[in-house]
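What follows is a set of notes on a single structure, which appears directly below.
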Amino acid sequence: MTEQASSATAAPAETLGFQAEVKQLLHLMIHSLYSNKEIFLRELVSNASDACDKLRFESIDNPALLEGDSELRIRIDFDKDARTITLSDNGIGLSRDEAVANLGTIARSGTKEFFSRLTGDKQKDAQLIGQFGVGFYSSFIVADKVTVVSRRAGLPADQAVRWESDGQGEFSVAQVEKADRGTEVTLHLRADEDDFLDGWRLRSVLRRYSDHISLPIQMRKEDYDAEKSEQVRTDEWESVNQANALWTRSKSDVTDEQYREFYKHVSHDFQDPAAWTHNRVEGRSEYTQLLYIPKQAPFDMWDRDARRGVKLYVKRVFIMDDAEQLLPSYLRFVRGVIDSADLPLNVSREILQESRDVRAIREGSAKRILSLLEDLAENRQDDYAAFWAEFGQVLKEGTGEDPANQERIAKLLRFASTSTEGGAQTVSLADYVSRMKEGQDKIYYVTADSVAAASASPHLEIFRKKGLEVLLLTDRVDEWMLSHLREFDGKPLSSVAKGGLDLESLADDEEKKRQTEVAEQFKPLVERLQTALADKVKEVRVTLRLVDSPACVVVGEHELSPHLLRMLKNAGQEAPEVKPVLEINPDHALVARIRDAQDAEFGDWANLLLDQALLADGAQLADPSAFVKRVNALLLAR
Numbered sequence: 073m074t075e076q077a078s079s080a081t082a083a084p085a086e087t088l089g090f091q092a093e094v095k096q097l098l099h100l101m102i103h104s105l106y107s108n109k110e111i112f113l114r115e116l117v118s119n120a121s122d123a124c125d126k127l128r129f130e131s132i133d134n135p136a137l138l139e140g141d142s143e144l145r146i147r148i149d150f151d152k153d154a155r156t157i158t159l160s161d162n163g164i165g166l167s168r169d170e171a172v173a174n175l176g177t178i179a180r181s182g183t184k185e186f187f188s189r190l191t192g193d194k195q196k197d198a199q200l201i202g203q204f205g206v207g208f209y210s211s212f213i214v215a216d217k218v219t220v221v222s223r224r225a226g227l228p229a230d231q232a233v234r235w236e237s238d239g240q241g242e243f244s245v246a247q248v249e250k251a252d253r254g255t256e257v258t259l260h261l262r263a264d265e266d267d268f269l270d271g272w273r274l275r276s277v278l279r280r281y282s283d284h285i286s287l288p289i290q291m292r293k294e295d296y297d298a299e300k301s302e303q304v305r306t307d308e309w310e311s312v313n314q315a316n317a318l319w320t321r322s323k324s325d326v327t328d329e330q331y332r333e334f335y336k337h338v339s340h341d342f343q344d345p346a347a348w349t350h351n352r353v354e355g356r357s358e359y360t361q362l363l364y365i366p367k368q369a370p371f372d373m374w375d376r377d378a379r380r381g382v383k384l385y386v387k388r389v390f391i392m393d394d395a396e397q398l399l400p401s402y403l404r405f406v407r408g409v410i411d412s413a414d415l416p417l418n419v420s421r422e423i424l425q426e427s428r429d430v431r432a433i434r435e436g437s438a439k440r441i442l443s444l445l446e447d448l449a450e451n452r453q454d455d456y457a458a459f460w461a462e463f464g465q466v467l468k469e470g471t472g473e474d475p476a477n478q479e480r481i482a483k484l485l486r487f488a489s490t491s492t493e494g495g496a497q498t499v500s501l502a503d504y505v506s507r508m509k510e511g512q513d514k515i516y517y518v519t520a521d522s523v524a525a526a527s528a529s530p531h532l533e534i535f536r537k538k539g540l541e542v543l544l545l546t547d548r549v550d551e552w553m554l555s556h557l558r559e560f561d562g563k564p565l566s567s568v569a570k571g572g573l574d575l576e577s578l579a580d581d582e583e584k585k586r587q588t589e590v591a592e593q594f595k596p597l598v599e600r601l602q603t604a605l606a607d608k609v610k611e612v613r614v615t616l617r618l619v620d621s622p623a624c625v626v627v628g629e630h631e632l633s634p635h636l637l638r639m640l641k642n643a644g645q646e647a648p649e650v651k652p653v654l655e656i657n658p659d660h661a662l663v664a665r666i667r668d669a670q671d672a673e674f675g676d677w678a679n680l681l682l683d684q685a686l687l688a689d690g691a692q693l694a695d696p697s698a699f700v701k702r703v704n705a706l707l708l709a710r
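Under our numbering, residues 73 to 710 are what the sequence shown spells out, in order.
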């Protein structure tokens, strides 16, 4: 045991039950992460480091919290006879209420989403559990009982707390005495975990996982005892890590493995990062950034209440986790550290929002991440494809959030198109422009709820006939993106579902002549349809954009698309009523049949034509039963 051992309890222990989610997490973790059980040491050291960082920060305004001991450190010891490992720190410590809240419950947004995504596949669940951050509970991977003794800095010695549990469903808490502030975690190892009762083994794990920790991690020095022919521990403590912040080192002095382990420390992710950037910035604002792009999106990526961001340090002093002001929202998946030389040590989240230095950091960091993504897209295309599959929808938000970098972001976008197979989002806007036909001056797209629906859209028929590529936009964010991204490389983006679609530049003289002829030829039918559907459509007209479909619906160039209107309604938001334009195919047999219909059944045929067009566009009919009745009546009438 270390020098922080506690005395006997001053009050009877109270037994409490774990939160249901904690019990579920413990069971999953013990069974899913057993193959990587040494990570318990990394997690406990990371927690101890955070506790010391928080004490250093709080002591800026309240130096008395240091209690005359400003040399922060982490110590690890083991007892072969008792079969225990003890990790202690002299950080901020825990009060009784904090011990119950932090060690007995999971007060984290997205918890339900996390559990809903568990599959039962141990390998997949292990990655998700690592994403969630197992922290302290990883102790139970190797221990069948864990004892925590802690006193929060500033509390008297007799107000320490002892927390103990076997991880089965309950834990006990009792008030004890503890002379020194900080936390001591003692793991009572399971019967088959004796390999961790070895100094060399513990040192190797610590050097692998925690060499980047800026605090000294100490173990007892060992000397060789010739008489016993074994290593014997002494009373002298020695550091087993470099104990200087990794981001402060020169890039040439940091190995890729150290960068990867530091990422796991700051992100609590079990996987390696996809890429990282490490830079020292000098000029108007002076700061160091070490930023990472994860391989996998967090399960709470779309949770509005989730706290995100990087760790903020000022002059190597930890200030806060999840400093979201240091990066724009569309880069909220980025993890890492920013260490500023200009911000005050007592900076708050409110001050961060108004600081000119923070704006400079945010702009500089965004440019670094975009440069990193550009390098991935150009030189590691498979890695970029994997990145896009995880984070593409988030990056699209940048087209509206970051006008200064919109052009760079637009070059990074990837889409499915009529030239790709299986809906793969692999087409860049630059790719599209390079394949544009002679005379084509627009980038064409269609929006839908799925690739299958987009591919089947009747609006694509004329484009397939002419061999024109069309982007298939199916992400929910696409409509919002299109309201900001109007052009690329001087080429406007144009929806194929808009009524003002101009294909004249691609039409030959014969097609132009035919358009004029059919408009005059079908004028009586158009007028009859306009009268029959007067309360449902804005206009009826003849089009040559259709090949296989009898009709389609379109909207005006400056009106909201039907797809966007449906999204707004499904989200419970108010959406304007927009009457569509019905365009009919003069060469289709159904249109010819309607043209010859008697007045008694013409209304049913007109409504049937409109309903079919709406269904093909992905809409839900206002009165499905009326549609069925019309179909049945017209079928029986033949």
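Where is the CB? At the ideal position from N, CA and C, for every residue including glycine. From a predicted model like this one, the values you see are computed outputs, not experimental measurements.
- Taken atom to atom, the span from the alpha-carbon of S276 to that of F208 is near 21 angstroms.
- For M553, the enclosing alpha helix (DSSP H) stretches over residues 550–554.
- Annotation for I441: T349, L363, I365, L399, L403, V406 place their beta carbon closer than 8 angstroms to its own, counting only its chain and skipping 5 residues before and after.
- Taking the CA atoms as reference points, Q368 sits about 21 angstroms from A395.
- As the crow flies, the alpha-carbon of S244 is around 30 angstroms from that of F342.
- In the three-state reduction of the DSSP assignment, T219 falls in the strand class.
- For F390, the uninterrupted beta strand (DSSP E) run begins and ends at 389–395, by DSSP.
- With contacts defined by Cβ atoms closer than 8 angstroms, A694 and V627 do not form a contacting pair.
- Between the C-alpha atoms of R536 and K383 there is a straight-line separation of about 51 angstroms.
- Annotation: D429 to A173 spans about 36 angstroms, alpha carbon to alpha carbon.
- Cβ-Cβ distances below 6 angstroms link V653 to G571, K610, E611, V626 in the same chain, with the five nearest sequence neighbours on each side left out; the list follows chain order.
- Boundaries cannot be given for I285, as no alpha helix (DSSP H) includes it and DSSP labels it neither H nor E.
- Sequence-distant Cβ neighbours of R586 in its own chain, meaning closer than 8 angstroms and more than five residues away, are L616.
- Annotation: the stretch 595–625 contains the following complete segments of the beta strand (DSSP E) (minimum length 3 residues), in chain order: 611–614.
- For P564, the secondary structure class from DSSP, reduced to helix, strand or coil, is strand.
- Taking every protein chain shown into account, the CB of S621 has 16 or more other CB atoms within 10 angstroms, so this residue is buried.
- Taking F112 as the centre and dropping the five residues before and after it, the same chain places the C-beta of S210, S211, I213, V214 closer than 6 angstroms to its C-beta, in chain order.
- DSSP, read as helix, strand or coil, puts T588 in helix.
- Runs of the beta strand (DSSP E) lying entirely within the stretch 346–380, each at least 3 residues long, are 347–353, 359–365 in chain order.
- Rounded to whole angstroms, the gap between the alpha carbons of R548 and T519 is 9 angstroms.
- For T471, the uninterrupted alpha helix (DSSP H) run begins and ends at 470–473, by DSSP.
- A straight-line Cα-Cα distance of about 32 angstroms links A591 and K701.
- For secondary structure counted as the alpha helix (DSSP H) over 4 or more consecutive residues, the stretch 451–524 holds these complete runs in sequence order: 453–468, 470–473, 478–484, 501–506.
- Cβ neighbours of A496 within its own chain (closer than 7 angstroms, five residues either side excluded): A488.
- Using a 10 angstroms sphere on the CB of N477, the tally of other CB atoms reaches 16 or more, which defines it as buried.
- With a contact defined as Cβ atoms closer than 8 angstroms, L278 and C124 miss out at about 16 angstroms.
- Remark: three or more beta-carbon pairs, one from each stretch, lie closer than 8 angstroms, so the stretch 668–688 and the stretch 589–604 are flagged as touching.
- Around the C-beta of G562, fewer than 16 other C-beta atoms lie within 10 Å, and the residue is accordingly described as exposed.
- Selection D283, D328, L687 evaluated against S311 yields D283 as nearest (Cα-Cα).
- Of all C-beta pairs linking the stretch 222–233 to the stretch 263–274, fewer than three are shorter than 8 angstroms, placing the two stretches out of contact.
- If you check the CB distance, I656 and A623 come in under 8 angstroms.
- With a cutoff of 8 angstroms on beta-carbon distance, I285 and I148 are scored as not near each other.
- DSSP, read as helix, strand or coil, puts R280 in helix.
- In this structure, L605 lies away from P530, with their beta-carbon atoms at least 8 angstroms apart.
- One thing to note: A438 has its Cβ within 8 angstroms of the Cβ of D474.
- Put simply, the backbone Cα of T156 is about 26 angstroms away from that of D169.
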